[in-house]
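Colleague:
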Amino acid sequence: MRSFTNCFTPLRVFTFTCVLITAFFVLTTKASAQDIILRNPVLIVSPGIPSPMKETAQQVLTEEISKRTGITLKSAGQWPKTGTSVIALALSSDQKLFDKAPPASVQQGQELKKEGYRIVTEPSGTGQIIWIIGADARGVLFGAGWLLRNINMEKNLLGLDRKVDFATSPTYPIRGHQLGYRTTANTYDAWTVAQFDQYIRELAIFGSNSVEGIPFHEDEVPSPHFKIPSAQMRIRMSEICQRYDMDYWVWTPATFELKDQTKRKAELAMHEEFYKSCPRLDHIFFPGGDPGDNHPEEVLPFLKELQGLLVKYHPKAKMWISLQGFDVEQVDYFYKYLETEKPTWLQGVVSGPGSPPMAETRYRLPRQYQHRQYPDITHSVRCEFPVEKFDQAYALTLGRESVNPRPYAFAKIHEKYGPYTDGFVSYSDGSHDDVNKVLWSMRAWDPKMDAHQIVKEYTGFFFGKKIAEPAASGIEALEQNWKGPLAENGGVEMTYRFWKILEAQNPLLKSDWRWQMLLLRAYYDQYTRLRLINEQELEKEANAILASADKQTVEKSISAALDMVNKADIEPIARDIRKHIEDLADALYLSVGLQSSTVKHKPRNPERGVVMDFVDYPLNNRWWLADEFEKIKKLNDPEKQLEALKRISSWENPDHGSYYDDISSVSKGPRVKTISEDATDVAWWDSGKSRKRLSFQLFQRQPELDYDNLDPNAHYTIRLVGEGDALLRVDGHRLSPIVYNKDPESFKEWIVPVSLTRDGKISVTFDGPEESHLNWRKNSKISDIWLLKQ
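For the sequence shown, my numbering gives the first residue as 333, with consecutive numbering after it.
(1) Does DSSP put Gln410 in a helix, a strand or coil?
(2) Short check: CB of Leu810 to CB of Ala881, under 8 Å?
(3) Strictly by DSSP, which residues pair up with Met944?
(4) For a test of the three-state rule: what should DSSP assign to Gly471, helix, strand or coil?
(5) Answer with buried or exposed for Ala526, where buried requires no fewer than 16 other C-beta atoms within 10 angstroms of its C-beta.
(6) At the 8 Å Cβ level, is Ser997 part of the contact set with chain C, yes or no?
(7) DSSP state of His557, grouped into three classes?
(8) Run through the DSSP bridge pairs and tell me what Gly750 is partnered with.
(9) Can you tell me where the beta strand (DSSP E) holding His509 begins and where it ends?
(10) For the beta strand (DSSP E) holding Leu1059, just list the boundary residues, first then last.
(11) Sort out for me which residues DSSP pairs Gly466 with in a bridge.
(12) Straight-line CA distance for Asp426 to Pro435?
(13) With a Cβ-Cβ cutoff of 8 Å, do Ser555 and Arg514 count as a contact?
(14) Would you mind working out which of Gln679, Lys674, Asp708 and Thr672 sits nearest Ser687, comparing C-alpha positions?
(15) Grab me the residues of Leu920's own chain with a C-beta within less than 8 Å of its C-beta, minus the 5 sequence neighbours each way, in chain order.
(16) With which residues is Asp993 paired in a DSSP beta bridge?
(17) For the pair the region 1079-1086 and the region 1026-1035, tell me if three or more CB-CB distances fall below 8 Å.
(18) Please identify the residue among Lys445, Asp1018 and Thr503 whose C-alpha is closest to the C-alpha of Glu1139.
(19) How big is the Cα-Cα spacing for Glu914 and Asp908?
(20) Are the region 679-695 and the region 649-660 in contact at 8 Å, needing three or more beta carbon pairs?
(21) Quick one: measure Cβ to Cβ for Ile368 and Leu492, integer angstroms, because I've assumed they're closer than 8 Å.
(22) Going by the DSSP bridge assignment, what does Arg704 pair with across the sheet?
(23) Thr360: buried (16+ other C-beta within 10 angstroms of its C-beta) or exposed?
(24) Starting from the C-beta of Asn1107, find all residues in its chain whose C-beta is less than 6 Å away, skip the five residues before and the five after it, and write them out in chain order.
(25) For Ser843, count neighbouring C-beta atoms within 10 Å of its own C-beta (all shown protein chains included) and say buried if the count is 16 or more, exposed if not.
(26) Use the C-beta contact count for Asp521: other C-beta atoms within 10 angstroms, 16 or more gives buried, fewer gives exposed.
(27) Using the three-state DSSP reduction, which class does Gln460 fall into: helix, strand or coil?
(28) Taking 6 Å as the limit between beta carbons, can you name the residues of its chain near Phe356, skipping five residues before and five after?
(29) In the DSSP assignment, what residue or residues form a beta bridge with Tyr1048?
(30) Drop a sphere of 10 angstroms on the beta-carbon of Trp1017, count the other beta-carbons inside from all chains shown, and report buried for 16 or more, exposed for fewer.
(31) Let me know the secondary structure DSSP gives Thr1097 once reduced to three states.
(32) Val735 to Ser1112, Cα distance in whole Å?
(33) Smallest Cα separation from His603: which of Phe588, Pro547, Pro647 and Asp625?
(34) Can you tell me which residues form a DSSP beta bridge with Glu544?
(35) Let me make sure I understand the geometry here. Which of Ala854, Ala803 and Pro839 has the alpha-carbon closest to that of Met826?
(36) What does the Cβ neighbour count give for Lys996, buried or exposed, with the cut at 16 atoms within 10 Å?
So, in structure tokens, the structure goes:
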């Protein structure tokens, strides 16, 4: 019998087999006995907790417990006498809560800091007491959040499985997320005030203390999904933040020339009106670029003037700037301004996509200014933190903005960049990144907190403690689905079956939008993998047909090859999975407003999470082949027709002793060592419906490749497809090309000196051309490369 420890070999088998083993035991084992049962619980609240938190904390606990257990906490103005347990909310400064003293002080080293809290359980003559002791009003709410995440809540049952006595305070003071009520978002623009209230509450339960809105920038493009006008929602979000004592940030770019005095004056007036109408406003974040194109010599005086208006209505509010899009001269100008002017009106700098390096910013920024990260947790490609080695099939279907739980990846990213900052407010354009929000919030509270524990608290709170462990493992399995070549990742099948079992065993979660999202990903990943395997096999068979063509059978071979690849459309596979994906997508539109279909849901544009537009996007080259065949048919020379067919059929399979690499494909680029860092290596052409060859839609600027097992007596040529320049080196030697076309999808060639292949191996690199004057979309690209044995 195979031992359990053998699960470790191979790792992939361990990961998913042990997930299922865990799920089996968790789902079939009764809940353990509770050490602390709250019988007839009441809520006692210190009069010293300031309003509105005194009322908010009670409401949060009462409503969240009631909806999960049916138990309604009753508020009491004194300690009960018999048979009743208590949840007591107090401040660390309270000497007594009514006539009872809070537990003795914490041990040295556990003193509460700002926003911190202490949780203590203790028995009493009347029943159990759970103390939630906050360092301040926020600490009370965050302590209530800990209880909700960790207490076992079942029908008519509240209990903890252990006694508790600990204190905790946040490591980073800024922990928040951008929730932009704008048409660009794939979800938020469909929300009601009540949905925003609930979501902001849930962020607070997991330790967030900030929310960022977007006030003016996109008012000219109202969403068809708006429940109320954006100007009204801005004020309502401010009111919600006031109720939960959350910092209210606003992101306010200037997309016009600040030298235009008329527009500048109008912008200032609009800001002042907004400041005046907000019950709470804590921070203004002005991005230097993305969008915007003003020099800091114009931006900084403008922000100083804004700050003067801001403090008229919100005396403690702060002004922030990002250096996004600034060139070297502009960055230097900014730091010189800080050195000479020492502006007291500026609170700090925000680092986001397109900003100077995080470590450099903290090093150059004087210590009196804070440094906030603006991490992109919402996108998967063409972004700040792209999924490494993202399979092309995912990149072309799930795309830039799909359901994207990445707890382990983002734990590492936060660990890398967090120490240079005072915290973060993330960039988010919808609810699809919900797991990532929780991960960032809780790691910013405690950077040492285990990612699995965070995900388990997430699943326990939203789905119930009984399935917390398997559901957490299922989320982690979805992250594993995105690692490496999709066709080779058998774990995708296991993840799909695992979620299918969970779905069947938990019908009460059917209408939960978080549950629906995770199911959508599991089914979508499986469907994409099955399609990929099928459609790639069809193309191999089509290439075999083309390879056997002769001058007399050109047209017949073209027709047969096209029929073969088009079987993907004529004889579609896995229709039951496809139907369930569509049902889940429609359910998500109803439950949370997720706009995944252009026809059905009216999103801003297809790049914004519209995965149903691409669920059947070709995963072989049938569109490109159809277009190429039309060109070939117009050739009058049968010899040239045949030559073109042979080029197509051998594209990915050159003659023996030759090599092909699709530069940014994890499955077809085995010799490529580099990973594109600029996140532009997956193109977005024709609104995602490009008919180009799939390999052309992925590229790198400066790939590096290693070749070995070469024939030392052979002659080799390097050929590549790309656009613009390709400054090639072999073993460090710069080679001169014999063919050098710069047009898109054109060929370049070099002869490799025999002296470089004598040892049976070479390394290929590329110098970066000077293209700082070009838009990044126009930069040089390399998509396909061959080493051809002559």
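We treat Cβ as the ideally placed atom computed from N, Cα and C, and that holds for glycine.
Because the structure is a prediction, the values reported are computed rather than measured.
Modeller: With the given structure in hand:
(1) coil
(2) no
(3) Answer by DSSP bridge pairing: none, since Met944 is not bridged.
(4) helix
(5) exposed
(6) Chain labels in this structure do not include chain C; a single protein chain is all it has.
(7) coil
(8) BP columns for Gly750 are empty, so no partner.
(9) Ile506 to Gln510
(10) Leu1059 to Val1062
(11) Leu423 and Tyr449
(12) 11 Å
(13) yes
(14) Asp708
(15) Trp845, Gln848, Met849, Leu852, Leu926 and Ser928
(16) Ile1117
(17) no
(18) This structure leaves residue 1139 out entirely; the chain is present only between 333 and 1122.
(19) 10 Å
(20) yes
(21) 4 Å
(22) Val682
(23) Caution is warranted here: a pLDDT of 41 is assigned to Thr360, below 50, making its placement in the model unreliable, and no coordinate value can be reported.
(24) none
(25) exposed
(26) buried
(27) strand
(28) For Phe356, the predicted model reports a pLDDT of 46, less than 50, meaning its position is unreliable and no value from the coordinates is stated.
(29) Val1084 and Lys1121
(30) exposed
(31) strand
(32) 31 Å
(33) Pro547
(34) Gln510 and Trp581
(35) Ala854
(36) The identity of residue 996 in the sequence shown is Ser, whereas the question assumes Lys. Result: buried.
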